[in-house]
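Chemist:
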Amino acid sequence: MSHPITPRRATRSSAADPASPSGPRPKPTPRRQPVSTAAANAKQEEGEEHERSPVDALLEALPGRREQATDLLRLLAPAPALPLLLHGGAATGKTRALLLALRHVRPRPLRVAYAALRSLPSPRALFSSVLAQLSPPSSSSSRLRVPDKPSDFVAALRDALAGLSARGEAVYLVFDNLEVVRSWDKGGQLLALLLRLYDLLRLPQVVLVYVSSATPDAYYSMTGSVEPNHIYFPDYTVDEVRDILMRGHPNPKLYSSFLSVALKPLFRVTRRVDELVAALEPLFRRYCEPLGDLKAVPDESIKRRLFEHIQPHLAVAMNETFIVPTRVSVDECKDHSSRGKASSKRQFGSRDGLPTELEFHMSVSAKYLLLSAFLASRNPATLDAALFDSTGGSDNNRRKRKSSQASMNMKDTMAEEMLMKGPGTFPLERLLAIFQCITSVSEDDLGDVECSDSMMNGSGMTGLMSDVLLQLSTLCNSNFLSKSRSCPMEGSARYRSNIDEDLALKVARSVSFPLSKYIYRR
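Going by our numbering, the letters in the sequence shown line up with residues 538 to 1059, in that order.
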């Protein structure tokens, strides 16, 4: 009589019973929970790495700027944020750090309006640049109406920013080289306006950023405005400059041996990275002359041979590359004669402390033509008759009438409009008329111009007038003047001067021409 196989059933039941010691271990189904937990931890670590990536990216791109990079990311985002002022010496990485930090600002989208004030000639050019960057891409720049008055600019800026803020875009207004505004005509008023934009706009999605080589104390002349946060960029140390120069070099060992010889002597003269790069590049080529292969790794004997080769050229490079202009002291000026004083003043300094000698060669006729173009762009055309007479000078013999208050106010308004619009355009006829007037003032100085006897006529002006068109074309090609399209009403081309008053004064001093006498001022 057969019986059922109960042990097998008991074995299966015992396998199902986890308390049975004789059965196999239960199936590890709860292991799915640690897998999901590990995935969550991985995502969390990935999120933390993603949060650290902006700082890491900035630190990698900006050696020696860990503190500044951290402060930039903290103060730039999220909007709303207070105005920010980046200040420090030249070539300390202010602009580069700011533009790189704006790439990592969250949340997006955002728009950056960058105004390089050093490349803008007038307040009107600044207004046009900022408004053009904030206008929609579909709108044409020729149809954009550029305001002339600061109050109109603030109103147009508020309208443009309000439209962007309504779409949820954060806007960053960057004003680079803020110290340049002080050298403009009525620059103090414009500077106060730029620093008060935060109070005038009152838009939470707009962040104002100022970049300047001057200290913050230079801009705190007014009261009642919001004080911006400031980040200081100190000069680079020699080790930080070394890290910057070593980045991306194809032969780091060879270049490191070169920097150990040449960097410290040049670093005592200047700490600007751009000047050091310009000075080290030709020295490195000369340093590698004894080597046949630029990819070779130098040993100690090769390093000594390369050092002996570069040592005599190092001192010469320092004397030729870094020439620091000196000033004549007050005591030395007292000891010199009056003639020596004048020559020292022309050689060593001007009203802004810069050398007055020209860094380029220019003929006498080209200098007078450049001065004529500067006066034509700077002065209103209606004042030419008052500033010049038939002999080239101001007519002081005419009886002057007392100007009424209305006429004085009109002149002030015209002058203010001209200063806001920047250099004006002028036709060729006006340029030639002013050129003929001012050259007759310095007739004695024109004897240095090489002209044949057949070309000279009385005052020596025929030779100068014969090549004026050639000189005009040369000045336009050199970007001293710009030529606009022909006017449909006049049918002739118009010109504009691109030089500032400092350069015009240097040119005038080189030919002993009293330029300040002919510049119209309020």
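Ideal Cβ placement from N, Cα and C applies to all residues, glycine included.
Nothing here was measured: the structure is a model prediction, and the numbers come from that model.
Unbroken alpha helix (DSSP H) runs of length 4 or more, entirely within the stretch 623 to 657: which are they?
Modeler: Segments of the alpha helix (DSSP H) lying fully in the stretch 623 to 657: 631 to 639.
Chemist: Between the alpha carbons of Ser1047 and Ala703, how many angstroms are there, rounded?
Modeler: In the sequence shown, the residue the question calls residue 1047 occupies position 510. In the sequence shown, the residue the question calls residue 703 occupies position 166. So the alpha carbons of these two residues sit roughly 56 Å apart.
Chemist: Cα separation between Ala653 and Val1044?
Modeler: Counting from 1 along the sequence shown, the entry for residue 653 is found at position 116. Counting from 1 along the sequence shown, the entry for residue 1044 is found at position 507. Each residue's alpha carbon lies about 26 Å from the other.
Chemist: Could you spell out the range, first to last residue, of the alpha helix (DSSP H) harbouring Val1005?
Modeler: On the sequence shown, position 468 is the one that residue 1005 refers to. Here the alpha helix (DSSP H) through Val1005 covers 1005 to 1014.
Chemist: Can you give, in chain order, each stretch of the alpha helix (DSSP H) that sits fully within the stretch 803 to 867 and has at least 4 residues?
Modeler: Listed in chain order, they are 810 to 824, 837 to 858.
Chemist: Can you grab the Cα-Cα spacing for the pair Pro567 / His641, in whole Å?
Modeler: Mapped onto the sequence shown, residue 567 falls at position 30. Mapped onto the sequence shown, residue 641 falls at position 104. Because the pLDDT of Pro567 is 46, which lies under 50, any placement of that residue in the model is unreliable, and the number read from its coordinates should be weighed accordingly. When rounded, the distance between both Cα atoms is 42 Å.
Chemist: How many Å lie between Ser1029 and Glu966 at the Cα?
Modeler: Mapped onto the sequence shown, residue 1029 falls at position 492. Mapped onto the sequence shown, residue 966 falls at position 429. Approximately 10 Å between the Cα atoms of the pair.
Chemist: Does the separation of the CB atoms of Pro960 and Ser1034 fall below 8 Å?
Modeler: Stepping through the sequence shown from its first residue, residue 960 is reached at position 423. Stepping through the sequence shown from its first residue, residue 1034 is reached at position 497. Yes; because the gap between Cβ atoms is below 8 Å, this pair is in contact.
Chemist: What does the Cβ neighbour count give for Leu599, buried or exposed, with the cut at 16 atoms within 10 Å?
Modeler: Counting from one through the sequence shown, the residue named residue 599 turns up at place 62. With 16 or more other Cβ atoms within 10 Å, it is buried.
Chemist: With H, G and I counted as helix, E and B as strand and the rest as coil, what does DSSP make of Arg779?
Modeler: Position 242 of the sequence shown, counted from the start, is the residue given in the question as residue 779. Arg779: helix per DSSP, three-state reduction.
Chemist: For Ile1056 and Leu727, I'd like the C-alpha separation in whole angstroms.
Modeler: The count along the sequence shown starts at 1 and reaches residue 1056 at position 519. The count along the sequence shown starts at 1 and reaches residue 727 at position 190. Straight-line Cα distance between these residues: approximately 22 Å.
Chemist: On the CB-based measure, 16 or more other CB atoms within 10 Å of its CB, does Glu837 come out buried or exposed?
Modeler: In the sequence shown, counting from the first residue as 1, residue 837 sits at position 300. Classification for Glu837: exposed.
Chemist: Please report how far the alpha carbon of Ser1049 lies from the alpha carbon of Glu1038, in whole angstroms.
Modeler: As a first step, residue 1049 is located in the sequence shown; it is residue number 512 there, counting from the start. As a first step, residue 1038 is located in the sequence shown; it is residue number 501 there, counting from the start. Roughly 16 Å between the two C-alpha positions.
Chemist: Excluding the 5 residues flanking Glu777 on each side, which residues of the same chain have their C-beta closer than 7 Å to its C-beta?
Modeler: Within the sequence shown, numbered from 1, the residue matching residue 777 stands at position 240. Closer than 7 Å at Cβ, skipping near neighbours: Pro600, Gly601.
Chemist: Which residues mark the beginning and the end of the alpha helix (DSSP H) in which Lys904 is found?
Modeler: To locate residue 904, count along the sequence shown from 1; it is residue 367. Segment 901 to 915, the alpha helix (DSSP H) holding Lys904.
Chemist: With distance defined between alpha-carbon atoms, name the residue in Leu851, Tyr824, Ala854 nearest to Leu843.
Modeler: As a working note, residue 843 is residue 306 in the sequence shown. Comparing Cα-Cα distances from Leu843 to each of Leu851, Tyr824, Ala854, the minimum goes to Tyr824.
Chemist: Where does Val1063 land, buried or exposed, given buried means 16+ other C-beta within 10 angstroms?
Modeler: Since the displayed the chain opens at 538 and closes at 1059, residue 1063 lies outside it and no answer follows.
Chemist: Measure the alpha-carbon distance for Leu619 versus Pro684 and round it to whole angstroms.
Modeler: Translated into positions along the sequence shown, residue 619 becomes position 82. Translated into positions along the sequence shown, residue 684 becomes position 147. Those two C-alpha atoms are separated by around 27 Å.
Chemist: Output needed for Leu738: all residues of its chain with C-beta closer than 8 Å, excluding positions within five of it in sequence on either side, in chain order.
Modeler: In the sequence shown, counting from the first residue as 1, residue 738 sits at position 201. Counting only Cβ-Cβ distances below 8 Å, and skipping sequence neighbours, we find Val691, Leu694, Arg695, Leu698.
Chemist: Taking Cβ to Cβ, would you say Leu657 is nearer than 8 Å to Val649?
Modeler: Indexing the sequence shown from 1 puts residue 657 at position 120. Indexing the sequence shown from 1 puts residue 649 at position 112. The answer is no: Cβ separation not under 8 Å.
Chemist: Comparing C-alpha positions only, which one of Ser762, Tyr773, Tyr651 sits nearest to Val708?
Modeler: For the purposes of this step, residue 708 is taken as residue 171 along the sequence shown, with counting starting at 1. It is Tyr651.
Chemist: The beta strand (DSSP E) that contains Phe770, what's its start and end?
Modeler: Translated into positions along the sequence shown, residue 770 becomes position 233. First-last of the beta strand (DSSP E) with Phe770: 766 to 770.
Chemist: Where Pro827 and Lys790 are concerned, what is the direct C-alpha to C-alpha distance, given to the nearest angstrom?
Modeler: Start at 1 with the first residue of the sequence shown, and residue 827 comes out as number 290. Start at 1 with the first residue of the sequence shown, and residue 790 comes out as number 253. If you take the alpha carbons of Pro827 and Lys790, they lie about 16 Å apart.
Chemist: Tell me whether the beta-carbon of Gln973 lies closer than 8 Å to the beta-carbon of Phe770.
Modeler: Reading the sequence shown from its first residue, position 436 is the one you call residue 973. Reading the sequence shown from its first residue, position 233 is the one you call residue 770. No, the Cβ-Cβ distance between Gln973 and Phe770 is not below 8 Å.
Chemist: Helix, strand or coil for Thr962, going by three-state DSSP, please let me know.
Modeler: Mapped onto the sequence shown, residue 962 falls at position 425. DSSP places Thr962 in strand when its eight states are reduced to three.
Chemist: Where do the ends of the beta strand (DSSP E) carrying Lys1020 lie?
Modeler: Taking the first residue of the sequence shown as 1, we reach residue 1020 at position 483. Where Lys1020 is concerned, the enclosing beta strand (DSSP E) stretches over 1018 to 1020.
Chemist: Out of Arg682, Pro674, Pro646, Arg643, which one is the CA nearest neighbour of Ala662?
Modeler: Stepping through the sequence shown from its first residue, residue 662 is reached at position 125. The shortest Cα separation from Ala662 among Arg682, Pro674, Pro646, Arg643 belongs to Arg682.
Chemist: Counting only the same chain and skipping the five closest in sequence on each side, list residues whose C-beta sits under 6 Å from that of Cys1013.
Modeler: Stepping through the sequence shown from its first residue, residue 1013 is reached at position 476. Cβ within range, chain order: Lys1020.
Chemist: Based on the DSSP secondary-structure assignment, which residues constitute the bridge partners of Ser750?
Modeler: The sequence position of residue 750 within the sequence shown is 213, counting from 1. Paired residues: none, contrary to the question.
Chemist: Could you tell me the distance, in whole angstroms, from the CA atom of Leu734 to the CA atom of Tyr792?
Modeler: Taking the first residue of the sequence shown as 1, we reach residue 734 at position 197. Taking the first residue of the sequence shown as 1, we reach residue 792 at position 255. So the alpha carbons of these two residues sit roughly 48 Å apart.
Chemist: Taking 8 Å as the CB-CB cut-off, is Leu965 touching chain D?
Modeler: This model lacks chain D altogether, as it is built from one protein chain only.
Chemist: Looking at the structure shown, is Tyr709 part of a helix, part of a strand, or coil, going by DSSP?
Modeler: In the sequence shown, the residue the question calls residue 709 occupies position 172. Three-state result, Tyr709: strand.
Chemist: Of all the options Lys1054, Asp689, Tyr756, which has the alpha carbon lying nearest to the alpha carbon of Asp921?
Modeler: Here residue 921 refers to the residue found at position 384 when the sequence shown is read from its first residue. The shortest C-alpha separation from Asp921 is found at Lys1054.
Chemist: Tell me whether the beta-carbon of Leu745 lies closer than 8 Å to the beta-carbon of Pro687.
Modeler: Residue mapping note: residue 745 aligns to position 208 of the sequence shown, counting from 1. Residue mapping note: residue 687 aligns to position 150 of the sequence shown, counting from 1. Result no, Cβ atoms of Leu745 and Pro687 do not sit closer than 8 Å.
Chemist: Taking the alpha-carbon of Ile852 as reference, which of Asp722, Leu817, Arg841, Asp830 has the nearest alpha-carbon?
Modeler: Numbered from its first residue, the sequence shown carries residue 852 at position 315. Checking the sequence shown, residue 852 turns out to be Ala, not Ile. It is Leu817.
Chemist: Going by Cα to Cα distance, which pick from Ile839, Ala910, Thr1011 is closest to Leu1040?
Modeler: In the sequence shown, residue 1040 corresponds to position 503, counting from 1. Taking only the C-alpha atoms, the option nearest Leu1040 is Ala910.
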